[in-house]
Amino acid sequence: MPLFQKAVFHTTVAQLRDLPIDSSSEVAFAGRSNAGKSSAINTLANHTRLAFVSKTPGRTQHLNYFSLDAGKYLVDLPGYGFAKAPEEIRSQWEGLLAPYLRYREPLVGLVLIMDSRHPLTELDLQMLAWFAQTGKPIHILLSKADKLTRQEQAVALREVQAALAKISENCTLQLFSSLKKTGVAEAEKVLGTWMGMALKDEAVPPAGLRTEKLARPKNRRAIGWSARTAKGASSSAKNKKPPVTN
Ligand SMILES: Nc1nc2c(ncn2[C@@H]2O[C@H](COP(=O)(O)OP(=O)(O)OP(=O)(O)O)[C@@H](O)[C@H]2O)c(=O)[nH]1
Ligand SMILES: [Mg+2]
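With our numbering applied, the sequence shown covers 1 to 246.
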C-alpha cells in the first residue's frame with residue numbers, strides 16, 4: 001500500500017495565522033504553475049481528485065494541506081510564473097509564501113516540481129537558491145516524464161544534476177510521471193524518511209535473518225534515477241532573489 005494512501009484534505013490556508021498548529025512534520029510542493037504539483041500529490045496519495053488539477057495555470061491559489069497521519073501533512077503551494085498583476089504576486093509572496101517557506105518550523109523539506117521538458121527556468125533557479133538558504137533538503141521531481149523518450153529522460157536527469165551541483169547542496173532529484181505513475185516508490189522513500197514515516201518494505205527483520213542488502217541504512221537517499229548533488233556549492237545560494245517575478 002502506498003505510504004500516503006490515507007491522505008485526506010485538511011484545510012486551505014490564505015493567511016499565516018491559519019497554519020495548522022498540530023503539525024509535527026510537513027513537506028511542501030512548489031514549482032511553476034502547471035508543472036504538476038497537485039497531480040503529483042494525487043499520484044502519491046493514489047487518489048485521482050484529492051488536490052485540484054487543471055489545465056489552466058494558477059489553479060492552486062492558497063496553501064492546501066493534506067493530512068497523512070497525526071501531525072503529518074503534504075502542502076500544495078500556489079505555482080509561480082503565471083501572469084498575474086505584479087502587486088498580487090508581491091503580496092502573496094511577501095505576505096504568505098516567503099515567510100511560510102523561510103520560517104515554518106514543521107516544514108522538513110521542499111519538493112520542487114519542474115516539467116522535465118523545461119527544467120531550471122529562471123524562477124526555478126531563484127526558488128532553489130532562495131530555499132537552499134534554509135538549510136532544509138530539496139527533492140526535485142522532473143515531472144511529465146511520460147512526454148520524454150527514455151533517452152531524453154536520461155539526458156534531462158544528467159543535465160539537471162550537473163546544473164544543481166553548482167547551485168545547491170542537500171538536493172536530490174528523480175524523474176516522475178503522474179500519468180504513468182512512475183517514480184512513486186522513489187519519491188515515497190525520500191519523503192517518508194524526511195517525515196519519519198516507516199516504509200513497509202523496509203521493516204527490519206529479526207537480526208538472525210538479516211542479509212547485507214536488507215540491513216542497509218534506513219535513511220539512504222534517493223536511489224535509482226536519483227542523484228545527490230555535490231557538496232560545497234551553497235555559497236552561490238546566498239542573497240538570491242525570491243521567485244516573484246517572471
Ligand atoms: N502528461 C502528463 N501530464 C501531467 C502530468 N502531471 C500533470 N499533468 C497535467 O498538467 C496540467 C497541470 O497539472 P497540475 O497538477 O494542476 O499542475 P500544478 O503545478 O498544480 O498547477 P498550479 O496549481 O496551476 O500551479 C494538468 O493538465 C495535468 O493533467 C504528468 O505526469 N504527465
Ligand atoms: Mg495546483
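The beta carbon of each residue, even a glycine, is placed where N, CA and C say it ideally should be.
In this text, all values refer to a predicted model and were calculated from it rather than measured experimentally.
Endpoints, beta strand (DSSP E) assigned at residue i
| i | result |
| --- | --- |
| residue 65 | 63 to 69 |
| residue 115 | 107 to 115 |
| residue 131 | Premise fails: residue 131 lies in the alpha helix (DSSP H), 122 to 132, not in any beta strand (DSSP E). |
| residue 250 | Past the boundaries of the shown model lies residue 250; the chain is included only from 1 to 246, so the question cannot be answered. |
| residue 27 | 25 to 31 |
| residue 141 | 138 to 143 |
Sequence-distant residues of its chain with Cβ nearer than 7 Å to residue i (five each side left out)
| i | result |
| --- | --- |
| residue 3 | 188, 192, 197, 199 |
| residue 102 | 134 |
| residue 35 | 79, 113, 114, 115, 143 |
| residue 99 | 16 |
| residue 131 | 101, 110, 138 |
Buried/exposed call for residue i, threshold 16 Cβ in 10 Å
| i | result |
| --- | --- |
| residue 41 | buried |
| residue 135 | exposed |
| residue 21 | exposed |
| residue 74 | buried |
| residue 155 | exposed |
| residue 153 | buried |
| residue 39 | buried |
| residue 37 | buried |
| residue 8 | exposed |
| residue 85 | exposed |
| residue 12 | exposed |
Contact set for residue i: own chain, Cβ-Cβ below 6 Å, skip 5 residues either direction
| i | result |
| --- | --- |
| residue 177 | 145, 146 |
| residue 124 | 114 |
| residue 96 | none |
| residue 5 | 46 |
The alpha helix (DSSP H) enclosing residue i, as first and last residue numbers
| i | result |
| --- | --- |
| residue 40 | 37 to 45 |
Sequence-distant residues of its chain with Cβ nearer than 8 Å to residue i (five each side left out)
| i | result |
| --- | --- |
| residue 159 | 119 |
| residue 203 | Residue confidence for residue 203 is low, a pLDDT of 49 falling below 50, so the modelled location carries little weight; the figure read from the coordinates is stated next. Hits under 8 Å: none found. |
Within-8 Å CB hit, residue i to chain C
| i | result |
| --- | --- |
| residue 123 | Within the model displayed, chain C is absent; a lone protein chain is all it includes. |
- Message: Just to confirm the assignment: which complete beta strand (DSSP E) runs, minimum length 3, are found wholly within the segment 166 to 198?
- Response: Correct list: 171 to 175.
- Curious, which full-length alpha helix (DSSP H) runs of at least 4 residues does the segment 75 to 105 contain? Listed in chain order, they are 86 to 92, 98 to 103.
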